[in-house]
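First the structure, in the form of structure tokens, and then the observations on it.
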Amino acid sequence: MECEALLIATGRSPNVRDLGLEIAGIAFDETDGIQIDPLGATTNPSVFAIGDCAAGVPRFTHVAGEMAKLVVQNALFGDTWQSHDGGFVEIHCKQGTGTIVGATVVAANAGDMISEITLAMQAGVGLDVVARVIHPYPTAAEGVMQAGL
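Given below as structure tokens:
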């Protein structure tokens, strides 16, 4: 095969040179990228990194998208949502139906979560409807949806 030029693309590499990362106290390697912890924070805890510039993660668009969700949550709220994962939700239904007759919620945010179940009971909404409602993720309220699945 004859051609004027040949492009060989063998992956992505981070472009972290000349960004002043040293001045910001951010550890990095020009070949691998910016060092991050499991929550996406760099060695400067006020700075987070995601995607192709982050060291040790697969360099794919969908990975960067998932990292963005995690980093935004952690940048705004810290890892508190991960630290409080105890508790449970039970939704009690009339036998053979989805009619909600009661619930048990044991969790740090139980008072917030029980109101959705109370509303469903008062409105005559079945468990199947509650289970189809899109709940914020990751939050304790998602436990209400999961209990209905």
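Going by UniProt numbering, the first residue of the sequence shown is number 1, and it counts up by one from there.
Just so you know, even glycine gets a beta-carbon here, dropped at the ideal spot from N, CA and C.
Status (buried if at least 16 other CB within 10 Å, exposed otherwise) for residue 156: For the chain, the structure presents residues 1 to 149; residue 156 sits outside this window and is missing.
Rounded straight-line distance, which links the Cα of alanine 103 to that of glutamate 66: Residue 66 sits at position 66 when you count from the first residue of the sequence shown. Residue 103 sits at position 103 when you count from the first residue of the sequence shown. Spanning the two alpha carbons is a distance of roughly 33 angstroms.
Cβ neighbours of histidine 135 in the same chain (closer than 6 angstroms, five flanking residues each side left out): On the sequence shown, residue 135 is found 135 positions in, with the first residue counted as 1. Cβ neighbours of histidine 135 beyond the five flanking positions: Ala141, Glu142, Met145.
For glutamine 122 and threonine 99, the rounded distance between their alpha carbons: Reading the sequence shown from its first residue, position 99 is the one you call residue 99. Reading the sequence shown from its first residue, position 122 is the one you call residue 122. Computed Cα separation, rounded: 11 angstroms.
Inter-residue CB distance, glutamate 30 and arginine 17 (contact presumed, cutoff 8 angstroms): Locating residue 30 in the sequence shown gives position 30, where the first residue counts as 1. Locating residue 17 in the sequence shown gives position 17, where the first residue counts as 1. Correct: roughly 6 angstroms between the Cβ atoms.
Cα-Cα separation, asparagine 44 to phenylalanine 60: Taking the first residue of the sequence shown as position 1, residue 44 is located at position 44. Taking the first residue of the sequence shown as position 1, residue 60 is located at position 60. Distance between the alpha carbons of asparagine 44 and phenylalanine 60 is about 24 angstroms.
For alanine 64 and aspartate 32, believed in contact at Cβ under 8 angstroms, the rounded distance: For the purposes of this step, residue 32 is taken as the residue at position 32 of the sequence shown. For the purposes of this step, residue 64 is taken as the residue at position 64 of the sequence shown. Actually they do not touch by this definition, with Cβ atoms about 16 angstroms apart.
Contiguous alpha helix (DSSP H) assignments of at least 4 residues, all confined to the region 86 to 145: 110 to 123, 127 to 132
When Gly148, Asn109, Asn74 are compared against glycine 87, the one with the closest alpha-carbon: If you number the sequence shown from 1, residue 87 lands on position 87. Measuring from the Cα of glycine 87, the nearest candidate turns out to be Asn109.
Sequence-distant residues of its chain with Cβ nearer than 7 angstroms to methionine 113 (five each side left out): Position 113 of the sequence shown, counted from the start, is the residue given in the question as residue 113. Excluding residues within five positions, the ones whose Cβ falls inside 7 angstroms are Val89, Val105, Ala107, Ala140, Ala141, Gly143, Val144.
Through-space distance from lysine 69 to cysteine 93, alpha-carbon basis: Along the sequence shown, read from residue 1 onward, the residue named residue 93 stands at position 93. Along the sequence shown, read from residue 1 onward, the residue named residue 69 stands at position 69. When rounded, the distance between both Cα atoms is 34 angstroms.
Local Cβ density within 10 Å of asparagine 74, reported as buried at 16 or more and exposed below that: For the purposes of this step, residue 74 is identified with residue 74 of the sequence shown, where counting begins at 1. The residue in question, asparagine 74, is buried, as its Cβ has 16 or more Cβ neighbours within 10 Å.
Length of the line joining the Cα atoms of valine 130 and serine 115: To locate residue 130, count along the sequence shown from 1; it is residue 130. To locate residue 115, count along the sequence shown from 1; it is residue 115. Computed Cα separation, rounded: 12 angstroms.
Sequence-distant residues of the same chain with beta carbon closer than 6 angstroms to alanine 27, five excluded per side: Translated into positions along the sequence shown, residue 27 becomes position 27. Taken in chain order, the residues that qualify are Gln35, Thr43.
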